[in-house]
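Novice: Residue numbers (UniProt numbering): 1 to 165.
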Amino acid sequence: MYAVVRGWGAGHRESAPDADPHTDSGFLGDAVLGPLMVRAAGKVDRAYVPYQAAFGGVNGGAAVPYSESVTGGIERTRHMVRDEATRCPNTDFAIVGYSQGSHVASMFVQEVGQGHGLIPAEKVAGAALFADPTRNPNAPLFPGNLYGRPAIGVKIYSLSDLLTG
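#1: Would you mind sorting residue 170 into buried or exposed? The rule is 16 or more other CB atoms within 10 Å of its CB.
#2: In whole angstroms, what separates the C-alpha of Ala128 from that of Pro137?
#3: Report all residues from its chain with a CB closer than 7 Å to the CB of Val38; omit the five preceding and five following residues, and keep chain order.
#4: Taking Asp45 as part of the alpha helix (DSSP H), name the residues at either end of that continuous run.
#5: Indicate the three-state DSSP secondary structure (helix, strand or coil) for Ile74 in the structure shown.
#6: Does the beta-carbon of Thr86 have 16 or more other beta-carbons within 10 angstroms, so that it is buried, or is it exposed?
#7: Using only the heavy atoms of the ligand NAD, determine whether one of them is closer than 7 Å to the beta carbon of Pro140.
#8: Helix, strand or coil: how does DSSP classify Tyr98 here?
#9: Tell me the rounded alpha-carbon separation between Arg52 and Asn90.
#10: Identify whether Ala127 lies in helix, strand or coil by the three-state DSSP scheme.
#11: Quick one: is Ile74 buried, meaning 16 or more other Cβ sit within 10 Å of its Cβ, or exposed?
#12: Drop a sphere of 10 angstroms on the beta-carbon of Ile152, count the other beta-carbons inside from all chains shown, and report buried for 16 or more, exposed for fewer.
#13: Look at the alpha carbon of Val109 and the alpha carbon of Val32, and state the distance between them as a whole number of angstroms.
#14: Determine the extent of the alpha helix (DSSP H) in which Arg39 is found, giving its start and end residues.
#15: Going by CA-CA distance only, name the one from Cys88, His103 and Arg76 that's closest to Asp132.
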């Protein structure tokens, strides 16, 4: 599995256009993917999408408007996914984002899910959006089935299976 990750939001070094795509840092690197890379060494890889995360100059970021920044992030994500899918056609992807990066990840996953993406929806193994600005403000805190029973016809996979298997 290959995790394509959109990290931090506007003004953070982790989201600079020249940031190293394979350096774990910030929330996603320290708390999510860094530990996963250690526990599942050889089973997963990841790349952080470097793009100009900005909010029109707020928080010390570039003066690029937010919408332009998100569009640039989506383009870079498409490019990286296309390149990896071409290099390794059997790859499944996990799309992960935090803050503005989750906006980018959300838009990318939506276009794939609607059949307009560069990869078929079946190649997306999962998506995780942290602090997502596209989240419906009326969504419950814990969406989905609270009792752990899958819907009919849905197979549930545990991350621990990946780590131990």
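Beta carbons are placed, not taken as given, at the ideal position from N, Cα and C, and that holds for glycine.
Being a predicted model, the structure only gives us computed values, none of them experimental.
Specialist: In brief:
#1: Only positions 1 to 165 of the chain appear in this structure, which leaves residue 170 out of reach.
#2: 17 Å
#3: none
#4: DSSP places Asp45 outside any alpha helix (DSSP H); the residue lies instead in the beta strand (DSSP E), whose first and last residues are Asp45 to Tyr48.
#5: helix
#6: exposed
#7: Questions concerning the ligand NAD fall outside what the structure shown contains, since it holds no ligand whatsoever.
#8: strand
#9: Just to set this straight, residue 52 is Gln in the shown sequence, not Arg. Their backbone Cα atoms lie some 30 Å apart in a straight line.
#10: strand
#11: Under this definition Ile74 is a buried residue.
#12: Ile152 is exposed by the Cβ-count criterion.
#13: 19 Å
#14: Gly34 to Arg39
#15: His103
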